[in-house]
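Just so you know, the sequence shown maps onto residues 257 to 482 in the numbering used here.
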Amino acid sequence: MTRNCVETEDLGLLESLPVDDPRRVHVAACARCQARLETYEEFLAERPLPVGADPAAARAHLRDVIHAQLSPRAPHRERSTTSRPAWTRWLGMSQPVLATVAVLIVAALIVLGGRLPVFRSEPEVLRGVDGTSAGEVTLISARVAPNGTLTLDWRSVSGADEYRLRALDVGLVPVATLPAGSDTSASFDVTRARSDSLAGARYVVVVAFSSGREIADSRPIPLPLP
């Protein structure tokens, strides 16, 4: 509303003013004031002032109605009623719950991926994991011959000058250690696991040494016992 626009309280006086009154002249030329006047007249026609009503309160209510009718309104956005797919409900989960689910999945993959290979009586080749980390001897293959001889191949460990085969019992407690030299391959005669010196052996581990000091070892390999 411009400075020359007629006040809302004066709209009801326009009919009683002379035709050449500046306020009537302005309303005739101002589209906004004409719209306000029409709203005013509609308001009076639909809501006549009851007997004994407060004129000041009526004028205030009239002003609110006119402003509400003429004020620009923001577009109303309706809520989508389309149902979402069931899998999208996971996206609404809290971050702690999602983190717990992720940890459980990773733990399951680690457990399943870390199971020891099961040896069979027929010849087979078991592949190890590529790459050698600190403190670990990485096995390349474990071959089982028809007579039960277990041949192990592993990657060389930096700084190692000697390797040994360590026999472990069912509780992974060492029962004997066999020299394997400086090569990265050695065979283990499983029939010796029934002898006095290796009685109770159920697993074998490749151990790397440097100047007589143990620096790395492999994961336990189960012996192909009958």
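For glycine and all other residues, C-beta sits at the position ideal for the given N, C-alpha and C. None of the values given here were measured: they were computed from a predicted structure.
Item: For A358, count the other beta carbons within 10 Å of its own beta carbon; 16 or more makes it buried, fewer makes it exposed. Which is it?; Value: exposed
Item: So, with DSSP's three-state summary, where would you put A287?; Value: helix
Item: Mapping the DSSP letters down to three states, classify L372 as helix, strand or coil.; Value: Residue placement at L372 cannot be trusted, given a pLDDT of 43 that sits under 50; what the coordinates show is reported in the next sentence. If DSSP states are grouped into helix, strand and coil, L372 belongs with coil.
Item: Taking only the alpha-carbon atoms, compute the straight-line gap between E298 and R292 and give it to the nearest angstrom.; Value: 10 Å
Item: Shortest alpha-carbon distance to S474 belongs to which of A284, A401, S466 and Y419?; Value: Y419
Item: What distance in whole Å lies between the Cβ atoms of R422 and V460, which are believed to be in contact at a cut-off of 8 Å?; Value: 7 Å
Item: Let me check understanding here. Comparing Cα to Cα, which of S441, V429, A436 and P435 lies closest to A455?; Value: V429
Item: Cutting at 7 Å between CB atoms, please list the residues of its own chain near G286, excluding the five before and the five after it.; Value: This sequence places Cys at residue 286; Gly is not what is there. If we look at C286 and ignore the five residues flanking it on each side, its Cβ neighbours are C261.
Item: Quick one: what does DSSP say A358 is sitting in, helix, strand or coil?; Value: helix
Item: Sorted by chain position, which residues of the same chain lie with C-beta nearer than 8 Å to D386's C-beta, five sequence neighbours on each side aside?; Value: Only weak support exists for where D386 lies, its pLDDT of 38 falling under 50; the value from the coordinates is given anyway. So the list reads T394, once near-sequence residues are dropped.
Item: Taking the C-alpha atoms as reference points, what is the distance between R458 and P476?; Value: 9 Å
Item: For D276, report the span of its beta strand (DSSP E) as first-last.; Value: Neither: D276 is in no beta strand (DSSP E) and is coded neither H nor E.
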